[in-house]
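Numbering (mature numbering (1 follows the signal peptide of the UniProt record, and there is no 0)), first residue to last: -21 to -1, 1 to 128.
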């Protein structure tokens, strides 16, 4: 899972019914309260995984803080789209993820017209043509990627 929007996604993931089902629990029939009404134990349950990651990955702290700041600046619609994108990413096969990394990196460097042209071309490519395109236009490594200083 990419680490975009780490803090809110960790918290949101812990509150979703699928997270409860994966843990073998049934979601509560009554809606959970707002943050201010949570008990200290409930808050600790939500925050503990983030605290552990913060302490275990000091080299990632600035990135985590930057992601949280960007998340706070998003509108509700932007957050909804980000969650949807995260879900789509999690459902992708590794080959699809590699294709998307390469495509995303290439599109970032293009103007709007170039992005539209590449998108149209991509949609018409066969899987073999896409694989060849990815080999010719590899995604940057984590060290080269501008979102991961």
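Every residue gets a Cβ at the ideal spot worked out from N, C-alpha and C, and that includes glycine.
From a predicted model like this one, the values you see are computed outputs, not experimental measurements.
C-beta atoms of residue i and residue j nearer than 8 Å
i	j	result
residue 106	residue 81	no
residue 50	residue 40	no
residue 97	residue 104	no
residue 119	residue 88	no
residue 61	residue 71	no
Residue i CB to nearest heavy atom of the ligand ATP below 7 Å
i	result
residue 84	This structure lacks the ligand ATP, and indeed carries no ligand of any kind.
Burial state of residue i (16 or more Cβ within 10 Å)
i	result
residue 78	buried
residue 46	buried
residue 111	exposed
Option in the options with minimal Cα separation from residue i
i	options	result
residue 109	95, 65 and 76	76
Rounded separation between residue i and residue j - CA only
i	j	result
residue 69	residue 59	16 Å
residue 148	residue 31	Here the chain covers residues -21 to 128 and nothing more, so residue 148 does not appear.
residue 20	residue 91	49 Å
residue 94	residue 113	16 Å
residue 102	residue 24	44 Å
residue 14	residue 26	12 Å
residue -20	residue 57	Because residue -20 sits at a pLDDT of 46, beneath the cut-off of 50, its placement in the model cannot be relied upon, and the following sentence gives the value as read from the coordinates. So the two alpha carbons sit approximately 17 Å from each other.
residue -17	residue 42	Reliability fails at residue -17, whose pLDDT of 45 lies under 50, so the model's placement of it is uncertain and the value that follows must be treated cautiously. Whole-angstrom Cα-Cα distance: 10 Å.
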